[in-house]
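Using our numbering, you'd call the opening residue of the sequence shown number 23 and step up by one each time.
Where a beta carbon is used, it is the ideal one built from N, C-alpha and C, also for glycine.
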Amino acid sequence: DHGLQISLYQPFRDFEGMPEPQRSRTFDRVERKFDIMADLGTDLMLVCSNVSPVSLGGIDRAAADFRELGERAQKRGLKIGYEALAWGRHVNDHRDAWEVVRWADHPGVGVILDSFHTLARGIDPETIRSIPGDKIAFIQLADAPKIDMDLLYWSRHFRNMPGEGDLDVTAFMRAVMATGYDGVISLEIFNDQFRGASPRSIAVDGYRSLVNLMDRVRRLEPGIAVDLPDLPSRVHVAGVEFVEFAANETEAEELGAMFAAMGFERAGRHVSKDVTLWKQGSINLVVNTEREGFAHAAYLVHGTSVCDIGLKVENAQATLERARALKAEPFEQAAGPGELKIPAIRGVGNGVMHFLDETSELANVWAIEFRPVASEEIPAPGVGLTRIDHVAQTMNYEEMLTWTLFYTSIFDTRRTPMVDIVDPGGLVRSQAIEGADGALRITLNGAENRKTLAGRFMAESFGSSVQHLAFATQDIFATAERLAANGFQPLDISPNYYDDLEARFGLDPEFTDCLRAANILYDRDEAGEYFQLYSPNYGEGFFFEIVERRGGYDGYGAANAQFRIAAQKRGLRPKGMPRG
Ligand code: MG
Ligand code: MG
């Protein structure tokens, strides 16, 4: 009824290498399974390698069993595929499975390759290249996070979509396609998290993972035939061009006061909408107080929040095209008078992501859509903020794989290893999505419960995603001084943080005093140093961060997060108190 067909059937285990009397019984059983296959209208049976303790080893013995099985199958118009389980008793390597199939030498018997079984055991996928493509009966794909555990348990509970884990599924699939294989490419995923998830979003993730994988394979393995329409390559992001907040007038004033204290200048008013532009360095913050349209709808659901992120790309239209090919949801809203039509998609938490480029009229969006404000205000002197260093998005932990795949498949980015952030209310998992040049940095924080600051933010803002924005400065001490002169009150960090820090890094006490006096957090690694300064919480737990990176420091100060969270939790309004 739904246009589905069964391309593979796996009703049957522990087949090959059985001693008598089990061997005869096994062949009797298989005939029953063939009957079912006829009823189901399917013609390919998967037989995975035997795990039975009574089974006997030996390539010849297994090959003879498969030759007989192939004969019986052929009489019924059926075919057999043999798969090496990573924990098979005698055969646990695709090279051995292929040897068995090669020795069986029967047209109805092929080998089934499963990326998990090959890659989880660290078997070089290049060895697949020597298998003739027409002897590969079926391909099963899964990725998985690198976890050191029992193979069977790992496989049954942690498999995920290609690109969501740490296995080199691309290398596996390159080798498969190089053999000339042109059959079905399937996903075989067992994952506890996926079982309860929305079927639609799992389906989109699966589709996205396959299109992204095969697009990569095609680019890396020229000359192979891939049945996939052309799509633009992964998009390099040159930076965050703007961040837009949805607010009402009162909260827009509060937000504006905070921006002004952070050295932003009210730089423009939209030609036709209640939208204000704040600027400092190359940072553009937009505050939208319209009473209709997307921003207003976002405001009604989430309260004052980030509703839109604008990314600088080389070709905005091509970016949209790739995103659409990967089943991202396009976003469109009728353009008002004087407005440009800017390509956009839906992002995390139903927020919107716009794409701006330098090669079309989009390059002049600020001049076209905004008029300078005639203000009696004395323009705020900047505090040295230059650009957006990172955008931090919060989500339920279960959604992290979806959004890492979203970012890494559309954009030319990589994910950093997951780190655990200890919040007194529970764990928050954190992972960064970065371009190689650091121009785009997005941190994803997965909250497991509502007792963490991140989880509370999710609940109180009804799923708003952007929890903090980090601005870059080239001199955090000078910035801190100017912030203080503007009346900006940084988040108050506990003095014992600095005692610990001094001991941990062997810091000069005078240097520690400077950090302490300005409430600046500090981190260091082999590559360089990192300085962080936070604003207090705003609204439902949104905040700003100011960072300075020295040398090649590439992290986000994860070790400091628990101190920041403790400081923020002290400042939270009591539960049940009204907003504001
Ligand atoms: Mg399998
Ligand atoms: Mg941060």
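- Going by DSSP, Met67 is part of the beta strand (DSSP E) stretching over 66-70.
- Ranking Ser208, Glu53, Ala396 by CA distance to the CA of Phe34 puts Glu53 first.
- When Val206, Gln489, Ala350, Ala414 are compared, the shortest CA-CA separation from Gln453 is found for Ala414.
- Under the criterion of beta carbons closer than 8 Å, Asn518 and Gly468 do not qualify as touching, at roughly 29 Å.
- By the neighbour-count criterion, in which 16 or more other beta carbons inside 10 Å mark a residue as buried, Ala274 falls on the buried side.
- Annotation for Phe264: Asn306, Val308, Gly332 place their beta carbon closer than 6 Å to its own, counting only its chain and skipping 5 residues before and after.
- In the structure shown, Ala549 falls within a coil segment according to DSSP collapsed to helix, strand and coil.
- Going by beta carbons, Phe316 and Val374 fall inside the 9 Å limit.
- Distances between the C-beta of Phe138 and the heavy atoms of ligand 1 include at least one below 8 Å.
- Residue pairing for Ala492: DSSP places it in a beta bridge opposite His412, Glu567.
- The beta strand (DSSP E) runs of length 3 or more contained entirely in the stretch 422-490 are, from start to end of the chain, 441-445, 448-456, 463-469.
- Take the alpha-carbon of Asp252 and the one of Arg592: they are about 53 Å apart.
- For Ile134, the shortest C-beta to heavy atom distance toward ligand 1 is below 8 Å.
- In this structure the stretch 256-263 does not touch the stretch 476-487; the number of beta carbon pairs closer than 8 Å is below three.
- According to DSSP, residue pairing for Pro43 in a beta bridge does not occur.
- Classified as buried, His139 has 16 or more neighbouring CB atoms from the shown chains inside 10 Å of its CB.
- Membership of Lys97 in any beta strand (DSSP E) is not indicated; the residue belongs instead to the alpha helix (DSSP H) covering 81-97.
- The DSSP-derived three-state label of Thr298 is strand.
- Judged by their CB atoms, Ser208 and Leu163 are nearer to each other than the 9 Å cut-off.
- Per DSSP, the beta-bridge partners of Asn182 are Asp165.
- Judged by beta-carbon spacing, Gly132 lies beyond the 9 Å limit of Leu100, meaning their Cβ atoms are not closer than that value.
- Closest option to Arg124, judged by alpha-carbon separation, among Asp136, Ser137, Asp87: Asp87.
- Exposed is the label assigned to Arg217, since fewer than 16 other Cβ atoms lie within 10 Å of its Cβ.
- With a cutoff of 9 Å on beta-carbon distance, Gly187 and Ala159 are scored as not near each other.
- Contact check for Gln554 and Glu567: beta-carbon distance about 6 Å, within the 8 Å limit, so the pair qualifies.
- About 6 Å separates the beta carbons of Gly290 and Val395, which is inside the 8 Å limit, making them a contact pair.
- Put simply, of Lys363, Gln96, Gln302 the residue whose alpha carbon is nearest the alpha carbon of Asn386 is Lys363.
- Phe353 and Leu189 have their alpha carbons spaced roughly 33 Å apart.
- Ligand 1 has no heavy atom closer than 8 Å to the beta-carbon of Gln554.
- Ranked by Cα distance from Glu361, the options Arg288, Phe212, His292, Gly325 are led by His292.
- Spanning the alpha carbons of Phe194 and Gln44 requires a straight line of approximately 36 Å.
- Leaving aside the five residues that flank Ile498 on each side, the residues in its chain whose CB is nearer than 7 Å to its CB run, in chain order, Ile542, Phe553, Leu555, Ile568, Glu570.
- Boundaries of the alpha helix (DSSP H) harbouring Lys591: 583-592, taken from the DSSP string.
- When distances are taken from the beta-carbon of Glu456 to the heavy atoms of ligand 2, even the shortest one reaches 8 Å or more.
- In this structure, the CA atom of Glu470 is about 22 Å from the CA atom of Val323.
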